[in-house]
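In mature numbering (1 follows the signal peptide of the UniProt record, and there is no 0), the protein residues as written are -21 to -1, 1 to 105.
Backbone N, C-alpha and C fix where the C-beta goes; we use that ideal spot for every residue, glycine too.
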């Protein structure tokens, strides 16, 4: 069994957030819940393209360290994305491996790009 995931955490998070709020701003962020990496980027209230790109590259590297095969970074309409694939072939418990992989994705996103990506995406629409 092979699971292929298209990793576009920023776009997914934006859709979920904008369904509940009219607009997400830096003022909405609880900085105490952010990783040091994201807090440093967001500290001045602005996400520059180079900071967004760094966050996404770190996220992709994190996926790779978690065992995913990761593809090249792509850009569309100002948003960066990459493909990530992981194989469960030959594993005794592929469902447990899937849960572990999804947890790794969440952790990578939380550490590097979840809120930075959201602020960047909002800046594109404003």
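1. For residue 20, which residues of its own chain have a beta-carbon under 7 Å away from its beta-carbon, when the five flanking residues on both sides are left out?
2. Go to residue 61, then tell me how far its beta strand (DSSP E) extends in each direction, as first and last residue.
3. Taking the alpha carbon of residue 56 as the point to measure from, which residue in 103, 4, 7 and 6 has its own alpha carbon closest?
4. Contact defined as beta carbons within less than 8 Å: I believe residue 71 pairs with residue 45. What is the distance between those atoms, to the nearest angstrom?
5. Using a Cβ-Cβ cutoff of less than 6 Å, which residues in the same chain neighbour residue 80 once the five nearest sequence positions on both sides are dropped?
6. Taking the C-alpha atoms as reference points, what is the distance between residue 10 and residue 99?
7. Name the residue from 6, 18 and 7 whose alpha carbon lies nearest to the alpha carbon of residue 89.
8. With 16 as the cutoff for other CB atoms within 10 Å, does residue 93 come out buried or exposed?
9. Should residue 38 be labelled buried (16 or more other beta-carbon atoms within 10 Å of its own) or exposed?
10. Does DSSP put residue 55 in a helix, in a strand, or in coil?
11. Cutting at 6 Å between CB atoms, please list the residues of its own chain near residue 50, excluding the five before and the five after it.
12. Over the uninterrupted alpha helix (DSSP H) stretch that includes residue 90, give me the two end residues.
13. Can you look up residue -16 in the DSSP assignment and give me helix, strand or coil?
Per the coordinate set shown:
1. Here residue 20 refers to the residue found at position 41 when the chain shown is read from its first residue. Taken in chain order, the residues that qualify are 26, 30, 34 and 95.
2. Working through the chain shown from its first residue, we reach residue 61 at position 82. Element bounds for residue 61: 58 to 66.
3. Your numbering for residue 56 matches position 77 in the chain shown. Comparing alpha carbon positions, the residue from 103, 4, 7 and 6 closest to residue 56 is 103.
4. Residue mapping note: residue 71 aligns to position 92 of the chain shown, counting from 1. Residue mapping note: residue 45 aligns to position 66 of the chain shown, counting from 1. Going by Cβ atoms, the distance from residue 71 to residue 45 rounds to 19 Å, so no, they are not a contact pair.
5. As a position in the chain shown, residue 80 is number 101, starting the count at 1. The answer, listed in chain order, is 65.
6. Here residue 10 corresponds to residue number 31 of the chain shown, with the count starting at 1. Here residue 99 corresponds to residue number 120 of the chain shown, with the count starting at 1. So the alpha carbons of these two residues sit roughly 16 Å apart.
7. Walking along the chain shown from the start, residue 89 turns up at place 110. Here the closest residue by C-alpha is 18.
8. Within the chain shown, numbered from 1, the residue matching residue 93 stands at position 114. Label assigned to residue 93: buried.
9. Counted from its first residue, the chain shown places residue 38 at position 59. Buried, since its Cβ has 16 or more Cβ neighbours within 10 Å.
10. Mapped onto the chain shown, residue 55 falls at position 76. Note: residue 55 maps to strand in three-state DSSP.
11. Here residue 50 refers to the residue found at position 71 when the chain shown is read from its first residue. The residues are 61 and 62.
12. Taking the chain shown and counting its residues from 1, one reaches residue 90 at position 111. Residue 90 -> no alpha helix (DSSP H), and no H or E assigned at all.
13. As a first step, residue -16 must be located in the chain shown, where it is residue number 6. Its pLDDT being 39, under 50, residue -16 is placed unreliably by the model, and nothing is read from it.
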